[in-house]
Amino acid sequence: MPFVERVFSGVQPTGNLHLGNYLGAIVNFVKMQETHNCIYCVVDMHAITQGLDVWGGPAELARNTREVTAAFIASGIDPKKHIVFNQSQVSGHAELAWIFNCVARMGWLGRMTQFKEKAGKDRENASVGLFDYPVLMAADILLYRATHVPVGEDQKQHLELSRDIAQKFNNDFGDSIRSHGANDGLFFPLPEPLITGPATRVMSLRDGTKKMSKSDASDNSRINLTDDADTIAQKIRKAKTDPEPLPSEEKGLEARPEADNLVGIFAALSDRSKADVLREFGGGQFSSFKNALAELCVTKLAPIAGEMKRLVSDPGHIDSILNEGSDRARAIAQETMNRSKDIVGFIRRR
Ligand code: TRP
Numbered sequence: 007m008p009f010v011e012r013v014f015s016g017v018q019p020t021g022n023l024h025l026g027n028y029l030g031a032i033v034n035f036v037k038m039q040e041t042h043n044c045i046y047c048v049v050d051m052h053a054i055t056q057g058l059d060v061w062g063g064p065a066e067l068a069r070n071t072r073e074v075t076a077a078f079i080a081s082g083i084d085p086k087k088h089i090v091f092n093q094s095q096v097s098g099h100a101e102l103a104w105i106f107n108c109v110a111r112m113g114w115l116g117r118m119t120q121f122k123e124k125a126g127k128d129r130e131n132a133s134v135g136l137f138d139y140p141v142l143m144a145a146d147i148l149l150y151r152a153t154h155v156p157v158g159e160d161q162k163q164h165l166e167l168s169r170d171i172a173q174k175f176n177n178d179f180g181d182s183i184r185s186h187g188a189n190d191g192l193f194f195p196l197p198e199p200l201i202t203g204p205a206t207r208v209m210s211l212r213d214g215t216k217k218m219s220k221s222d223a224s225d226n227s228r229i230n231l232t233d234d235a236d237t238i239a240q241k242i243r244k245a246k247t248d249p250e251p252l253p254s255e256e257k258g259l260e261a262r263p264e265a266d267n268l269v270g271i272f273a274a275l276s277d278r279s280k281a282d283v284l285r286e287f288g289g290g291q292f293s294s295f296k297n298a299l300a301e302l303c304v305t306k307l308a309p310i311a312g313e314m315k316r317l318v319s320d321p322g323h324i325d326s327i328l329n330e331g332s333d334r335a336r337a338i339a340q341e342t343m344n345r346s347k348d349i350v351g352f353i354r355r356r
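Structure, rendered in structure tokens:
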């Protein structure tokens, strides 16, 4: 059975959306709308897998959920043509995750590098949810039988796990899948990652070898989507560089992580190649390049920040978007859940 192409992706509402999220994910989400039916989910259930100190508690979670929704819309995602909702409103995510818990193997999850990083040394004290996080992610995607998943580089391994789960489900239940009408025995598609944002890795402004991150102690290390024009300009001016002038060719960026990062950001925001940016700025000092970069950042991001501010000032409106999106998501999810239950052998009311 050829699967209808469908895009699904999720963003966690854990605060401080930054330029890395924007260039690595959201810009791509916006683009995919032209060619696919898209479902964009604020994954609030994933957000609570770490300690309260990380996600900030109930009031923060709700605030952050609305803020990510606002960022989606302010960046150009159309919640009428596509679907925007928050995960916890559609119970199928948790239901399908349970079935997948019984398909996925401990060994598969034990290899997840994100778990190892986030759990740190004290694994005994990590939540079961943090360990199970990639299974819930597989359920997110496969609940809509999505075929394409725009994500950042760091999510590649989780996508591979989603494919393994889909494949093992199709294998384990092959006969049942066939007896329920899919002659080829394929119920779930094997979702493909799309790691093609304009900048799949945006690095810290203070250390070009570290990813830009919401958890970096220094706010100067990142540009937040909610930063105002002055803050953006100041952070770019303070960004770490090296004493050499900018190279004229891309090769000259090797072993100069900070220069490479800033040129990459400029290229991504202006939809140009790094080589092209260097043709204009190569040989010059960082100070003038930084001025141009600050201006570009402000031009691109300030309208988004402004629109986000306007949107979050009316939480009722955001909630109505999420409610409506959830209703539409639930209708698709219901169909997958019914069929999954039949395939597994769960009796349900008809
Ligand atoms: N784990 C993803 C991240 O941190 C967020 C996510 C949750 C997701 N469920 C998803 C992304 C499903 C894509 C598809 O970026």
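With our numbering, letter number 149 in the sequence shown gets 155, and the count goes up by one each step, no holes.
C-beta atoms are modelled at their ideal positions from N, C-alpha and C, and glycine is treated no differently.
Keep in mind it's a predicted model, so treat the numbers as computed, not measured.
Boundaries of the beta strand (DSSP E) around residue 154: 154-156. Per the C-alpha coordinates, the member of 22, 66, 48, 170 positioned closest to residue 112 is 170. Nearest C-alpha to residue 185 among 65, 16, 14, 348: 348.
The nearest non-hydrogen atom of the ligand TRP is 6 Å or more from the C-beta of residue 227.
Counting only runs of 3+ residues, the beta strand (DSSP E) found wholly inside the stretch 36-114 occupies 43-48, 89-92, in chain order. The nearest non-hydrogen atom of the ligand TRP is less than 6 Å from the C-beta of residue 155. By the neighbour-count criterion, in which a residue is buried when 16 or more other Cβ atoms sit within 10 angstroms of its Cβ, residue 108 is exposed. Inclusion of residue 195 and residue 232 in the CB contact set at 7 Å is not warranted, their separation being larger than that value. For residue 12, the enclosing beta strand (DSSP E) stretches over residues 12-17. About 12 Å separates the Cβ atoms of residue 83 and residue 28, ruling out a contact at the 8 Å cut-off. For residue 199, the three-state secondary structure derived from DSSP is strand. Less than 7 Å divides the Cβ of residue 35 from the Cβ of residue 156. As the crow flies, the alpha-carbon of residue 325 is around 26 Å from that of residue 30. For the pair residue 228 and residue 180, the Cα-to-Cα distance works out to about 48 Å. Within the stretch 158-215, the complete beta strand (DSSP E) segments at least 3 residues long are 198-200, listed from N- to C-terminus. When distances are taken from the beta-carbon of residue 16 to the heavy atoms of the ligand TRP, the shortest one is below 6 Å. Judged by the Cβ position, residue 161 qualifies as a neighbour of the ligand TRP at the 6 Å threshold, a heavy atom of the ligand being closer than this. Taking 6 Å as the cut-off, the C-beta of residue 48 does not count as close to any heavy atom of the ligand TRP. DSSP, read as helix, strand or coil, puts residue 34 in helix. Not one heavy atom of the ligand TRP lies closer than 6 Å to the C-beta of residue 99. Of the residues assessed, residue 121 falls on the buried side of the cut-off, its CB having 16 or more other CB atoms within 10 angstroms. Boundaries of the alpha helix (DSSP H) harbouring residue 310: 292-318, taken from the DSSP string. Counted as a single uninterrupted DSSP element, the alpha helix (DSSP H) harbouring residue 143 occupies residues 134-148. Residue 281 and residue 269 have their alpha carbons spaced roughly 9 Å apart.
In this structure, the C-beta of residue 146 approaches the ligand TRP to less than 6 Å from one of its heavy atoms. Assigned with DSSP and collapsed to three states, residue 124 falls in helix.
The way I'd put it, the stretch 209-227 does touch the stretch 257-277; three or more beta-carbon pairs between them come closer than 8 Å. DSSP links residue 230 through a beta bridge to 24.
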